[in-house]
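Numbering (numbering that gives the first Met the number 0), first residue to last: 0 to 1243. Glycine included, every Cβ here is placed at the ideal spot set by N, Cα and C. Here the structure is laid out as structure tokens; the discussion comes afterwards.
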Amino acid sequence: MRKLMQYIAVLVLIISIIPQRVVAETNQPILNVLVLRDAFTASKVLSVTEYNNAVNSYRASLNVNTAKVNAQFMTIKQFNASRFPMTGAFDAVMIGSSPLTEKYKNGTLVVNSKNHDTTNQLNDLTELKATELFNTVVRVGLPLLMHEDAANGDTQLKRLAAYQRDYANVKVFNRNDQQNVDREMAQQLNQLTISRPRFQSTEVKYNNQSISNQTIQVKDGVRHPINFAYTLSQPPTPSAFVELYIDYDHNDRFDADEKVIEQQAKESGTLNFTLSRPTFSGPKNWMLVVKDSLTGRADYRKGSILYLDEKVKANILQLTAGTGTNGRISSYLSNMLVDPSGNYEFNLTDGTTSQFEGGTYDQALLNNDYDMLIFGFQDSYNVYGSMNAAATAKVKRFSETGQGVMLTHDTIFRTNSSSSPTSEWERQFVNANPSLNISGQKMYTNMGFGAPETTNKAVKVQDGIFTSYPYRLDDSIKNISNTHNQYFTLDLNDPDVTPWYNLYSTGGNRVYGDANNHYYTYTKNNFTYSGAGHTNKFSVEDEKKIFINTMYRAFIGANHKPYNVIESVSDSNQSYTSADLKAGSVEVTAGQDVKLMWRPSDYDFQDLFLNSTITYNGKQVAFDNLRNYEVKEFTIPAADVVADRPIEVKIETSDQRNAKVIDTFTINVKRAENVSDLIQVSRSIDPSTINLYETGTIHYQVQYPERFDRLPNQLGDKFLRVDSTSFSEKLPSQLEVVAIRDTNGNEYPVTKPNEIKLQLKPDLYYERNGNTNIFLPNDSGDRTVKFEVVVRAIEPSASLIQLKKADNQLTTLIEYSKKQDHILDKLNDWDKELEVQSSFPDLLINIGAPYAYEAKIPDVTLQIGAQQIVSPTITDAKGNTFTNPKWSSLKWEIVDASGVARLVTQGNNAIVTGLKTGTAKLRLTIDPGDKRPLVVAESKVNVISPPEQLTIQSKELYVGQTTTVTPKIMPETAQYKSVRYVVESGDSVKFEQVGNNLNIIGLKPGTTQFKATVDVGDLFGGLNIATPSTVFTIQVKAPSLSQTPSQLDLWVWDSLDEEKRVNEVASIQVTSTPTVSIPFERIGSIPSALTVTQSATGYELRANHGYGNNGVVTDIPIQTTFDDNALRNIRSNTSIVRVNEYPNQLMSKDMTINIGEGTAPRLPLLEYWPTTSTWRDYRMEIVSGEEYVQVSGSGKELIPVKPGVAKVEVYTTLPAGKPFEAVKDTFYVRIIQTNASGQDDDRY
């Protein structure tokens, strides 16, 4: 994962309403890179123009290849304020150098300084954003390049830089004042190749039809699927999924429980999703994500459609300050509160904080009459509109239901610049704990006190529903009424806080891009802030539009109270619809059960279940966990249905945050009438709600009279019979007939699937007695005839279906006995007397959602620490998902005893987090309800830890040295089979792989380059694992050789006395640097004067005899090289060995000196033995004849004096410190003198 990738899609950040067909211009998209700096110039930047100029100047200095890299530039402040999805947004992030003196520091905001120039403050990442960068960039192996300035910044930037120790994709570039380091970073971006799944195009349709004007209109309550088609730029990997998110809560974010569909990715595909129940009209944000669950890398496209369904009706209570009426919205915006197209309507109630504090609106609050509270608009609102703790607590309780609260200019501030809170607004709405910090404001600065820098301009921070509906607000600077900064910073570390507009100035000190301090409008969930109110009026057109958008966003982004749909009230004789209820025409018959059908409903899709309480005439019944928008039935028993006693019904429905609605209506009760009709018919359905594909039973009852008046022109004078009755009914298309049977279980044939036809044989007899026909019970069957029809719901219906009275007919044939006798004879002939036509009353049936029949959940493969949102595919008995199959409970669990993964349920989805390698079973158990069989789906969770990063340090060694290459594979939990090594170039080493290590021996000088690759084998069962590899080099250097000592003098004395003989020995130490195991050898030959014996550490020397010429010692050089052909040119220094030999004999010759030739000193005639001796230093002494010859001062020469004969002794000197003995000899010197003719005058 932590390695470079090859391709990337261009990020499309579309939050406002956009065309739904988005097609990439090229199949090779450019890389999308985020470039962050604390500032783009050291100067104070106020305007958009100044900012753009600074960015463009910096951009130009980088030399970015725009054909390959699309760089998006932001300051740290802007990035901290941004709220777009980061997963899949960028291919790399670069945090460049700082032009500021205090580089990437948060600095200190001094309370009461009122300094709007925050250039040098708030320049560290928030913890929120640093964590986002780690999870979406660092952890998935995308490059994060940081300049040293950023790496040495404050806490969060240092935290990011520290990841370079474990993640090779995090790189810190050191500052170098001699070169443009930022350009060097950009050049690395130019060279990137990134690999991740990406979209080529997306298209949105409705019911497979193109969308006109980006608008979907729900007609007649029928909601069709929305089709999200996509095409990927490349075939996906097996671990890639496409996910669809719908921003149900309209907060411009896509949370885990808003993931509605997940499919295995295909090269092209379509995800179909139906908004199956009513929702408010307005923008619906969507996001398609393609994600490789293995690497965590993704791409996304997002957009918005205008979905027109239920009209937004917001009841708003505006509370002006104190008892005043300044800033009433109705005074300025009345013509903008109702949409001419009928899509929204803001109904305002004007009030004051004094009234609110006094309890004027307590009952209305209790009844949930208001959808939103607005406090404003007035300068110093907190002074005039401050409320006590009890009143402010009511506002807090209202906000805790999730319904909208809007605070405005100067609602939260401290009077007299106090060092502690001075109002309940701050005490209850500002908290250091983000979960308790309702307002989203955090640190007190008092920057705006005294309005030191007013402005009448605002600038957009980011896009969303806030800036797109009802008015489309472009990026231009907006005009607003004069206003100023507030008193607390925003908590931008809170992900729920989203700034939309900042105050803007082209003069003064208010720097551009600081949403912490210069916010004008922002939201935090159901809490909204508007900076309007300093001037107590709305007179600027831009500001009016911003405020209407603020109101809509405040309403639509909040929790909404539920609503009840009263579908019908009925007894066995009559059914009443919701229209009848509104008209007040509901009247039931005393003594009969009364059935009430209603839908507990909520426009908020995240409210899956609701609670209802029905109260009638003081009796109360509670219903918990009712499925949103599903018809429920309640029966008021006949005993409670008393004539002339109206039934007062109250239905209270609440959501999980206790936002509630109360509906009341009256059911009138009439007395049971003496029905004059000859035949009484009634019917009922069990159950009143038939779930799609399920069956229900319609119970029909025909009641024949016990007696009836003589018929007009009655032919039968004595006996009548009812022996043939036919019934037919045409059913709505949503139903089909399954079975028709009587009370005895006898089946009647079903001839057509949507038609009921049958013949009945009542076998009833009557006898005329005067003017009355009287029933003969002993001769007849039961005069109450019952039959039942089992029907199946085969089609969904958005509303109740009606079995109409006009669509059924019961025909009863009354016959008379032709034989006029006083005794009943059933076998007599009978003839037609009369046919009586009857019709069963209207019957309302609800087609409910089908039961969940089957569920599928995908296998989950993820890495340790990674998260995957798992969405189930739940289908009905026909395999459909669009019908929104129903269930009563849904349970996720991981069947795993070894702690491989952790699971958290969010909405219908599960968030699975990998903890350690291994497999587990993911199980989803769905209880469809109504004692239906449980639906169980299982899949495999495979938590893996593929090798993400391979690091091997290049090394240097010397010939003959050994080293071991040990790979570092991250993460430490990585699973792999082995590491493979391949020589890419060079032959300077010999190597052997032992396990995953490489043992290397340097062979010869040079460089060998290896490529190492992690081999995962079949550990991941065919998953497309991109294994890391790396290149490293081994540089082999030649060792050096040295010898010590560099010079040696050895002596030999071949004494005649063997015991005194001397042959000196010595050693030469040969050293390799560094120490290597390669053998060495001596260069050249050695004379016999010296014996050289090689040892492991050098040479052992023995002097044999002197080595020189005529007594002059000749140097014997000794030099070493390696006994290796590759290192023959490596030689040591030369050690000089001098072998000296002391003579054991000295022989002198007699000599004659002719003084007549001169008196110059003469050398003696000497010979040394052995001849190899090199020591020839001697001295002479005159033994006799000193008058004839003398010795020179050096003791080495003879000086003739006069003719005669002298005896001279010669002896050798001794070398210092040597134990030699001098050798001597004597010789005679004859001094003669000749004349010029050569005659010797020697007379001796």
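The beta carbons of V289 and A264 sit closer together than 8 Å. For S1131, DSSP assigns no beta-bridge partner whatsoever.
Secondary structure note for A70: its beta strand (DSSP E) is the uninterrupted segment 68 to 74.
Assignment of alpha helix (DSSP H) within the region 506 to 570, counting only whole runs of 4 or more residues, yields 514 to 517, 540 to 555 in chain order.
In the DSSP secondary-structure assignment, L625 is bridged to L609. When F376, L316, I800, V911 are compared, the shortest CA-CA separation from Q402 is found for L316.
The C-alpha of R922 lies about 19 Å from the C-alpha of K915. Close CB contacts of T421 within its chain, under the 6 Å cut and outside five residues either way in sequence, are with R413, T414 (chain order). For V47, the secondary structure class from DSSP, reduced to helix, strand or coil, is helix. The three-state secondary structure of Y503, taken from DSSP, is coil. Taking one beta carbon from each stretch, the region 964 to 982 and the region 1048 to 1064 have fewer than 3 pairs nearer than 8 Å; the two do not touch. Within the same chain, V737, V789, R791 come within 6 Å of T694 by CB-CB distance, once the 5 residues on both sides are set aside.
Judged by DSSP in its simplified three-state form, M145 adopts strand. Between N445 and A658, the C-beta spacing is not below 8 Å.
The three-state secondary structure of R182, taken from DSSP, is helix. Using a 10 angstroms sphere on the CB of S385, the tally of other CB atoms reaches 16 or more, which defines it as buried. For L889, DSSP records a beta bridge to I925. In this structure, G268 is the residue among Q216, G268, L143 with its C-alpha nearest to the C-alpha of T201. With a beta-carbon spacing of about 7 Å, K785 and H698 fall inside the 8 Å limit used to define contacts. Every beta strand (DSSP E) stretch that sits fully inside the region 1070 to 1143 and reaches 3 residues is listed by chain position as 1079 to 1082, 1089 to 1093, 1097 to 1102, 1115 to 1121, 1134 to 1141. Assignment of I328 by DSSP, reduced to helix, strand and coil, places it in the helix class. When the Cα atoms are used, Y383 and N610 turn out to be separated by approximately 40 Å.
A residue is called buried once 16 or more other Cβ atoms fall within 10 Å of its Cβ, and T783, having fewer, is exposed.
For secondary structure counted as the beta strand (DSSP E) over 3 or more consecutive residues, the region 760 to 807 holds these complete runs in sequence order: 763 to 768, 771 to 774, 783 to 792, 800 to 802. Nearest to D1014 by C-alpha distance, out of I1024, T1006, L127, is I1024. If you keep only unbroken beta strand (DSSP E) runs of at least 3 residues inside the region 444 to 490, you get 454 to 459, 477 to 482, 487 to 489. Of the residues I968, V668, I856, the one whose Cα lies closest to the Cα of Q591 is V668. Assignment of Y103 by DSSP, reduced to helix, strand and coil, places it in the coil class.
CA-CA distance, D1053 to N1062, rounds to 8 Å. Distances from the CA of L141 to each of D349, N168, N478 were compared; the closest alpha carbon is that of N168. Here T454 is buried: its Cβ has 16 or more other Cβ atoms, across all protein chains shown, within 10 Å. Contact between N690 and Y850 holds: CB atoms are separated by about 6 Å, below the 8 Å threshold. Pairing H223 with T273 gives a Cβ-Cβ distance under 8 Å.
Residue T1032 holds the alpha-carbon nearest to the alpha-carbon of F990 among D254, Q362, T1032.
Here the region 1134 to 1154 makes contact with the region 1192 to 1203; the two share three or more CB pairs at distances below 8 Å. Only residues of its own chain outside the window of five on either side were considered, and among them S60 have a CB closer than 7 Å to the CB of N179, listed in chain order.
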